[in-house]
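Below: the structure, in structure tokens.
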Amino acid sequence: MVFNLYEGSIYRPPSEARSLIVQATIGCSHNKCTFCTMYKDKSFRIKTREEIARDLQIFRNSYSYVERIFLADGDALLMRTDQLVDVLDEIKKLFPEVRRIGIYGRASNAILKSVEELKRLKDHGLGIVYIGIESGSDKVLDIVKKGINAENSIIAGQRIKEAGLQLSCMIISGLGGEKYLEEHAKESARVISAIKPDYLSLLTLLQDESSELYQDILNGDFRILSPEEVLYETKIFLENLELEGTVFRCNHPSNYVVLNGTLNEDKERLINTIDSALETKKFRPENWRAF
Ligand code: SF4
Numbered sequence: 003m004v005f006n007l008y009e010g011s012i013y014r015p016p017s018e019a020r021s022l023i024v025q026a027t028i029g030c031s032h033n034k035c036t037f038c039t040m041y042k043d044k045s046f047r048i049k050t051r052e053e054i055a056r057d058l059q060i061f062r063n064s065y066s067y068v069e070r071i072f073l074a075d076g077d078a079l080l081m082r083t084d085q086l087v088d089v090l091d092e093i094k095k096l097f098p099e100v101r102r103i104g105i106y107g108r109a110s111n112a113i114l115k116s117v118e119e120l121k122r123l124k125d126h127g128l129g130i131v132y133i134g135i136e137s138g139s140d141k142v143l144d145i146v147k148k149g150i151n152a153e154n155s156i157i158a159g160q161r162i163k164e165a166g167l168q169l170s171c172m173i174i175s176g177l178g179g180e181k182y183l184e185e186h187a188k189e190s191a192r193v194i195s196a197i198k199p200d201y202l203s204l205l206t207l208l209q210d211e212s213s214e215l216y217q218d219i220l221n222g223d224f225r226i227l228s229p230e231e232v233l234y235e236t237k238i239f240l241e242n243l244e245l246e247g248t249v250f251r252c253n254h255p256s257n258y259v260v261l262n263g264t265l266n267e268d269k270e271r272l273i274n275t276i277d278s279a280l281e282t283k284k285f286r287p288e289n290w291r292a293f
């Protein structure tokens, strides 16, 4: 009966697989990215304080121990700071055992908050923010209608870090297609190097038939990269990253090759893994890949 609380499909980062998901908002306030179909069936709204408090109480009645809570949907960080503080306080009251609270945000939401506001969220229990940077190339961001440019993505990420919150960023391999392969790789590395997130995830572009980008593929305006091209792009991306202790994960079901490590210290090993995958042509088969 707990699951009836959820509206529509629920998405969360892989690392929140064991977390209790709480929908503070429904859908995505932007909902325009050409590659994303996650929230197309939902109209964006912020749940009321009463609705969220009711959900939390029902969850509390159902679960005796909750270690992690994740606030969904797509950009719950959009909520006003006061509203979010109320939610965090309610969580603290009902789930004193919770050790980490995470949230999805868009860089364009985060940039609306000052470092002080973000610090306030941290002081009230927020632990980690997940942001889909997707690309560091302004051209690619524009084409996919992400609604933010690279410089503002950097400012948003740096603000979150400055506030002392953990930050997890995501980049999508192949998002620039063939035309912007190098630019996407190099500019994404530049943006991520400037942000220096705690965690960096690399997913690989996969499209379903309902996305706007899929229509571009059908029209011949965009071509999905081959596994070799994706790995070549990943290699350029890694070569250009300058990080100090960022945990790197490229282990999503969409990826052709699994890569895990800490950057920059594992850079050489990761690049060697890519080189040997390119040589042996051992990639995850297409029919094993998933969203
Ligand atoms: S990628 Fe993120 S910002 Fe873009 S539509 Fe999907 S959920 Fe919204």
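All letters in the sequence shown, in the order written, are residues 3 to 293 by the numbering used here.
For glycine and all other residues, C-beta sits at the position ideal for the given N, C-alpha and C.
Computed from a predicted model, the values in this text were never measured in an experiment.
(1) Take E246 as the anchor and find which of G179, Y67 and N266 has the nearest alpha-carbon.
(2) How many angstroms separate the CA atom of K237 from the CA atom of S175?
(3) Tell whether a beta-carbon distance below 8 Å holds between I113 and N154.
(4) Cα-Cα, which of H32, I226, V24 and S45 is closest to I93?
(5) Closest to L169 by CA distance: which of E69, K141 and G134 is it?
(6) Please go through the same chain and pick out, in chain order, the residues whose beta-carbon is closer than 6 Å to the beta-carbon of C252, but skip the five residues on each side of it.
(7) Helix, strand or coil: which one does DSSP assign to L215?
(8) Give the list of continuous alpha helix (DSSP H) stretches no shorter than 4 residues that lie fully inside the stretch 76–115.
(9) Run the proximity test for D268: is its beta-carbon closer than 7 Å to any non-hydrogen atom belonging to the ligand SF4?
(10) Once DSSP output is grouped into helix, strand and coil, what is the label at T376?
(11) Using the rule of at least 16 other Cβ atoms within 10 Å of the residue's Cβ for burial, across every protein chain shown, is P16 buried or exposed?
(12) Out of V68, C30, K283 and H254, state which residue places its alpha-carbon closest to the alpha-carbon of W290.
(13) Sorry if obvious, but does the Cβ on Y216 come closer than 7 Å to a heavy atom of the ligand HEM?
(14) What residues are listed by DSSP as bridge partners for L265?
(15) Which of the three DSSP states is assigned to E288 in this structure?
(16) Look at the alpha carbon of R101 and the alpha carbon of R70, and state the distance between them as a whole number of angstroms.
(17) When we look at the beta-carbon of L220 and count the other beta-carbons within 10 Å, is it buried (16 or more) or exposed?
(18) Does the distance between the C-beta of Y41 and the nearest non-hydrogen atom of the ligand SF4 fall short of 7 Å?
(19) Do G104 and G129 have their C-beta atoms within less than 8 Å of each other?
(20) Judging by CA-CA distance, which residue of Y201, K95, L243 and V146 is the nearest neighbour of K163?
(21) Considering E18, what are the terminal residues of the alpha helix (DSSP H) in which it resides?
(22) Tell me, please, whether the CB atom of L79 is closer than 8 Å to any CB atom in chain B?
(23) Mind checking which residues open and close the alpha helix (DSSP H) that includes A152?
(24) May I ask you to report which of helix, strand or coil DSSP gives A74?
(25) Please work out which residues of its chain come closer than 8 Å, Cβ to Cβ, to S190, disregarding the five sequence neighbours upstream and downstream, and give them in chain order.
(26) Under the rule that 16 or more other beta-carbon atoms within 10 Å means buried, what is R82, buried or exposed?
A quick look at the data gives this:
(1) N266
(2) 11 Å
(3) yes
(4) V24
(5) G134
(6) The beta carbon of C252 lies closer than 6 Å to those of L204 and L261 in the same chain, with the five residues before and after it left out.
(7) helix
(8) 83–96 and 109–112
(9) no
(10) Outside the modelled stretch of the chain, which goes from 3 to 293, sits residue 376, for which no answer is possible.
(11) exposed
(12) H254
(13) You won't find the ligand HEM in this model; what it holds is the ligand SF4.
(14) T248
(15) helix
(16) 6 Å
(17) exposed
(18) yes
(19) A Cβ-Cβ contact shorter than 8 Å links G104 with G129.
(20) Y201
(21) Careful: E18 lies outside any alpha helix (DSSP H) and carries neither H nor E.
(22) Absent here is chain B; the protein component of the structure consists of one chain.
(23) Counted as a single uninterrupted DSSP element, the alpha helix (DSSP H) harbouring A152 occupies residues A152 to E164.
(24) In the displayed model, A74 falls within a strand according to three-state DSSP.
(25) I135, S137, G138, S139, I173 and F239
(26) exposed
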